[in-house]
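**Student:**
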Amino acid sequence: MKAILYVIKAIAGIAFALFALISCKESSNTMKPPVADKNDTVLTAHGHQRTDPYYWMNNRENPAVLEYLKAENEYTQDMMRGVDSLRNDIFKEMVGRIAQTDMSAPYFLNGYFYYTRYEEGKEYPIYCRKKGKLDNVEQIMLDVNQLAIGHSFFNVAGLNVSPDNRLLAYGVDTVSRRNYTLHIKNLETGELYPERIPNTTGNVAWSADNQTIFYSVKDQTTLRPYLIYRYKLGSGNVSEDLVFSEEDETYAVSVYNSKSREFVFIASYGNMSSEFRFLNAGTPQGSFTVIQQRQPEIEYYPSHYKEHFYIRTNLNAPNFRLVKAPVTDPGEENWQEVIPHRQDVLLDDFEVFRSYLALNERFGGLPHIRIIQWADGKEFFPEFPDPAYMVYFSVNPEFNTDFLRYGYTSLTTPSSVYDLNMKTKETTLMKRQEVLGGYDPADYVSERLMIPAHDGVEVPLSLVYRKDTKLNGEAPLLLVGYGSYGSSYDPSFSSARLSLIDRGFIYAIAHVRGGEEMGRNWYEDGKKLKKINTFNDFIDCGRYLTKNGYTNPDKLFASGGSAGGLLIGAVINMEPELFRGVIAAVPFVDVVTTMLDESIPLTTGEYNEWGNPNEKEYYDYMLSYSPYDNVVEQNYPNILVTTGWHDSQVQYWEPAKWVAKLRDKKTDDNILLLWTNLDYGHGGASGRFERLKEVALEYSFLLMLLGIES
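The opening residue of the sequence shown carries number 15 in the working numbering; numbering runs sequentially from there.
#1: Alpha carbon to alpha carbon, what distance is there between N328 and E313?
#2: Checking 8 Å against the spacing of the C-beta atoms, do D117 and Y129 come in under that value?
#3: Give the DSSP bridge partners of M532, in chain order.
#4: Please classify N193 as buried or exposed, where buried requires at least 16 neighbouring CB atoms within 10 angstroms.
#5: What is the DSSP secondary structure of W672, counted as helix, strand or coil?
#6: Just curious, the beta strand (DSSP E) that A372 is in, first and last residue?
#7: Just curious, the alpha helix (DSSP H) that D255 is in, first and last residue?
#8: May I ask which residues mark the beginning and end of the beta strand (DSSP E) holding Q153?
#9: So, do the region 712 to 724 and the region 521 to 532 have three or more beta carbon pairs nearer to each other than 8 Å?
#10: Could you give the DSSP three-state label for A313: helix, strand or coil?
#11: So which of F277, A572, G296 and F302 has the shortest CA-CA distance to S317?
#12: Quick one: Cα of L182 to Cα of N150, how far?
#13: Return the residue from the list Y141, D539 and D693 that minimises the CA-CA distance to R705.
#14: Taking the straight line between their C-alpha atoms, what separation do you get for L676 and I154?
#15: With distance defined between alpha-carbon atoms, name the residue in S287, T483 and Y243 nearest to P298.
#16: For G619, collect the residues of the same chain with a Cβ closer than 8 Å to its Cβ; drop the 5 residues on either side in sequence, then sort them by chain order.
#17: Could you say which of P401, I211 and Y82 lies nearest to V231 if we only look at CA atoms?
#18: How would you write the range of the alpha helix (DSSP H) that I515 sits in, first residue to last?
#19: In three-state DSSP terms, what is I586?
#20: Could you give the DSSP three-state label for S727: helix, strand or coil?
#21: Kindly indicate which residue of V304, E152 and P411 has the alpha-carbon position closest to the one of S272.
#22: Across the region 290 to 305 and the region 217 to 231, are there enough close Cβ pairs to call them in contact, namely three or more that are closer than 8 Å?
#23: Give the range of the alpha helix (DSSP H) segment to which P177 is assigned.
#24: Quick check: E351 and V337, are their CB atoms within less than 8 Å of each other?
#25: A119 to F417, Cα distance in whole Å?
#26: G533 to M464, Cα distance in whole Å?
#27: Buried or exposed for D454, please, with buried defined as at least 16 other CB atoms from any protein chain shown within 10 angstroms of its CB.
#28: Could you say which of N652, F593, V175 and A599 lies nearest to G658 if we only look at CA atoms?
#29: Exposed or buried, what is D226 when buried is set at 16 or more other beta-carbons lying within 10 Å of its beta-carbon?
#30: Does DSSP put P67 in a helix, in a strand, or in coil?
#31: What are the boundary residues of the alpha helix (DSSP H) that L425 is part of?
#32: Throw me the rounded Cβ distance for the P490 and T565 pair, which I believe falls under 8 Å.
#33: Please report the residue range of the alpha helix (DSSP H) in which G110 lies.
#34: Strictly by DSSP, which residues pair up with Q350?
#35: Name the residue from T195, L580, Q160 and H165 whose alpha carbon lies nearest to the alpha carbon of L173.
#36: Once you ignore the five residues that flank L434 on each side, which residues in its own chain have a CB closer than 7 Å to its CB?
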């Protein structure tokens, strides 16, 4: 769902899957690739039959499944044994660029400065605060390094301090399926409350009494958050007081406090519609009130300030507009225009302050910030230096301030945090990611191109390369893309990526349809019955790069993860000779079978993205591009596929079945590898260094295929 994809956006600094550069250097390894057993299962829908010989892999309890995945891992290790040293060197190289001791830019909330820091050699964050002043004594709220001892995976989410600053609520996932157990810690005594609330999203909302929390519970099979409970600490059974149940299986729910802390919001949302309920945080035993009843394909997102809710909505506004409504009667009939709809500007986000309105808008394929003074309506746009970049609102918990905190990064600019004085228009750099080893952005070049697609549409393309890289068609080029859920793949910095670029790679992002880079219509033109545009855009970008001297057909590679893995799978079926090699990370490739199985996490909530294959029109269309269903006897490029045994987003069996079918059908001698991380899920490892081991695996695969050994 789109909400989930923003999480992916928030971590855009690490490329989900880095793509494959291939040289068909003969391998001295003699181990034969695993051959998966076939056991035909006939799947029938709409009178149409599909035969799936690998459907048996869908059973996690079948020991033969794990045996097969382990055999694939052994084969991958054997095939890459010759670059073990290189892989280790790359890992050390990437770790060597990271400041071991580091701290985030502190932000002020309710009397405390909050920040996160890391210590040398440690994988996990330490969450801290200081009362009143930054030179006061530090209080460690959570040292995740201590909590993670004995766990191969450990993730903490949803940290939320009570209004009186005494209690900390947080969620813990030790499996990597994004299923969190809630904990409450007394920050004054250090003691944990005895309650352990399982199967949650990890988030809570506090009431003003500092004792009552609201939290969401997931369906244990589908992992859809669908229940909201209210619980008073120490009162007994945590699952007694149900306040909301989302019966529509295409919707999920969440609960959170308003920025003002005066209200608790329950959000109920699908891919293309939303509905919000609110409750005064001072009356936690009261009933929630609906702001506006849900409507098909109508989204709205409220924020509270004084007597009004400010609401971003696409009602009569495909690119969204901003309205306000009185808290006493916030229904649609009372919505008053604040920022009107514009055909060429997408309203992405907003922040309300005492004297200013801050807007995050997107036009010309790039994000922008606009500041408007409430008093006189005067406005200005901060300028950004790079041709392609990512800018977003950071933590802004205070209303009574002249400062807007925002994040900025580009393909050459490390992740940075700025405070913008909205009164003087001055910006202050508060924090910039430190890149050890002498990184100089002046050594690199970033470009922004507009690529003509097959139907006349221009597709944005962002590139970065070393200044000394010759654009004579001889450089290897890695093309990445996503193109789903309206999630814009904005250009961001990655210090790990330097290990490719410094070895002569050009790195390119195709901003294909299905994202929102060019506005809401860009998304609409790359979903459901128009999904083919996503794949064609990517192919057109690849062709342009070879025809215009950036690379050549023997050195063009591609990469994508999750829905971007679907993109890669579809493209290599359509144009198997275009790329020399590809990497598909946690790829969503068995589209039809997954979307017909409502027991699989996320399926029902995805109907507005892909369509519902229970309807024949969507079934036929999805079947026309589903990578697994369209594997045929033909040559394919060199391929590395990665997955996670505990993946809750894309189940491990999708990439496993796809690799088995590719290995059975393909007519070439190119390399095909499957690597399953048996400890982790969709997002990979939880530690800041540990996760780089998989990046090193992917990079060493690329370099091995190019014959680069150092």
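Even for Gly, the Cβ is constructed at its ideal location relative to N, Cα and C.
**Tutor:** To lay it out plainly:
#1: Residue mapping note: residue 313 aligns to position 299 of the sequence shown, counting from 1. Residue mapping note: residue 328 aligns to position 314 of the sequence shown, counting from 1. Their Cα atoms are separated by approximately 6 Å.
#2: Translated into the one-based positions of the sequence shown, residue 117 becomes position 103. Translated into the one-based positions of the sequence shown, residue 129 becomes position 115. Sequence inspection shows Met at residue 117; the Asp mentioned does not correspond to that position. Cβ atoms of M117 and Y129: closer than 8 Å.
#3: Looking up residue 532 in the sequence shown gives position 518. DSSP, once it has assigned bridges, lists no residue as partnering M532.
#4: Residue numbering aside, residue 193 sits at position 179 when the sequence shown is read from its first letter. The residue is buried, with at least 16 neighbouring Cβ atoms inside 10 Å.
#5: Against the sequence shown, residue 672 aligns to sequence position 658. Three-state DSSP puts W672 in a helix.
#6: Within the sequence shown, residue 372 is the residue found at index 358, counting from 1. Y370 to F377 is the span of the beta strand (DSSP E), which, as asked, contains A372.
#7: Position 241 of the sequence shown, counting from 1, holds the residue named residue 255. First-last for D255: D255 to S259, but that is the beta strand (DSSP E), not the alpha helix (DSSP H).
#8: Locating residue 153 in the sequence shown gives position 139, where the first residue counts as 1. It spans E152 to D157 - the beta strand (DSSP E) in which Q153 sits, taken as one unbroken run.
#9: no
#10: Counted from its first residue, the sequence shown places residue 313 at position 299. As written in the sequence, residue 313 is Glu, which differs from the Ala given in the question. In this structure, E313 counts as coil in the three-state DSSP scheme.
#11: Counting from one through the sequence shown, the residue named residue 317 turns up at place 303. Ranking F277, A572, G296 and F302 by Cα distance to S317 puts F277 first.
#12: Translated into the one-based positions of the sequence shown, residue 182 becomes position 168. Translated into the one-based positions of the sequence shown, residue 150 becomes position 136. Each residue's alpha carbon lies about 20 Å from the other.
#13: Position 691 of the sequence shown, counting from 1, holds the residue named residue 705. R705 has its Cα closest to that of D693, out of Y141, D539 and D693.
#14: Position 662 of the sequence shown, counted from the first residue, corresponds to residue 676. Position 140 of the sequence shown, counted from the first residue, corresponds to residue 154. The alpha-carbon atoms of L676 and I154 are separated by roughly 51 Å.
#15: Counting from one through the sequence shown, the residue named residue 298 turns up at place 284. Selected option, being the one with the closest Cα: Y243.
#16: Residue 619 sits at position 605 when you count from the first residue of the sequence shown. The residues are M15, R238, E263, T264, Y265, A266, G284 and N285.
#17: Numbered from its first residue, the sequence shown carries residue 231 at position 217. Ranking the options by Cα distance to V231, first place goes to I211.
#18: Here the question's residue 515 lines up with position 501 in the sequence shown. L512 to I515 is the extent of the alpha helix (DSSP H) around I515.
#19: In the sequence shown, the residue the question calls residue 586 occupies position 572. Three-state result, I586: helix.
#20: Only positions 15 to 724 of the chain appear in this structure, which leaves residue 727 out of reach.
#21: In the sequence shown, the residue the question calls residue 272 occupies position 258. The shortest C-alpha separation from S272 is found at P411.
#22: yes
#23: Looking up residue 177 in the sequence shown gives position 163. Neither: P177 is in no alpha helix (DSSP H) and is coded neither H nor E.
#24: Within the sequence shown, numbered from 1, the residue matching residue 351 stands at position 337. Within the sequence shown, numbered from 1, the residue matching residue 337 stands at position 323. Going by C-beta atoms, E351 is nearer than 8 Å to V337.
#25: The residue labelled residue 119 in the question sits at position 105 within the sequence shown. The residue labelled residue 417 in the question sits at position 403 within the sequence shown. The straight-line gap from Cα to Cα measures roughly 14 Å.
#26: Locating residue 533 in the sequence shown gives position 519, where the first residue counts as 1. Locating residue 464 in the sequence shown gives position 450, where the first residue counts as 1. Straight-line Cα distance between these residues: approximately 15 Å.
#27: Numbered from its first residue, the sequence shown carries residue 454 at position 440. Exposed is the call here.
#28: In the sequence shown, residue 658 corresponds to position 644, counting from 1. Per the Cα distances, A599.
#29: Residue 226 sits at position 212 when you count from the first residue of the sequence shown. Inspection of the sequence shows that residue 226 is occupied by Thr rather than by Asp. With 16 or more other Cβ atoms within 10 Å, it is buried.
#30: The residue you call residue 67 lines up with position 53 of the sequence shown. P67: coil per DSSP, three-state reduction.
#31: Working through the sequence shown from its first residue, we reach residue 425 at position 411. Taken as a continuous stretch (DSSP letters only), L425 belongs to no alpha helix (DSSP H), as it is neither H nor E.
#32: Within the sequence shown, numbered from 1, the residue matching residue 490 stands at position 476. Within the sequence shown, numbered from 1, the residue matching residue 565 stands at position 551. 7 Å between Cβ atoms; contact.
#33: Taking the first residue of the sequence shown as 1, we reach residue 110 at position 96. Per DSSP, G110 belongs to the alpha helix (DSSP H) from D98 to G110.
#34: Translated into the one-based positions of the sequence shown, residue 350 becomes position 336. Note: Q350 sits in a beta bridge opposite K338.
#35: Within the sequence shown, numbered from 1, the residue matching residue 173 stands at position 159. Nearest of T195, L580, Q160 and H165 to L173, Cα basis: T195.
#36: As a first step, residue 434 is located in the sequence shown; it is residue number 420 there, counting from the start. So the qualifying residues of the chain are P396, F417, L418, Y420 and T441.
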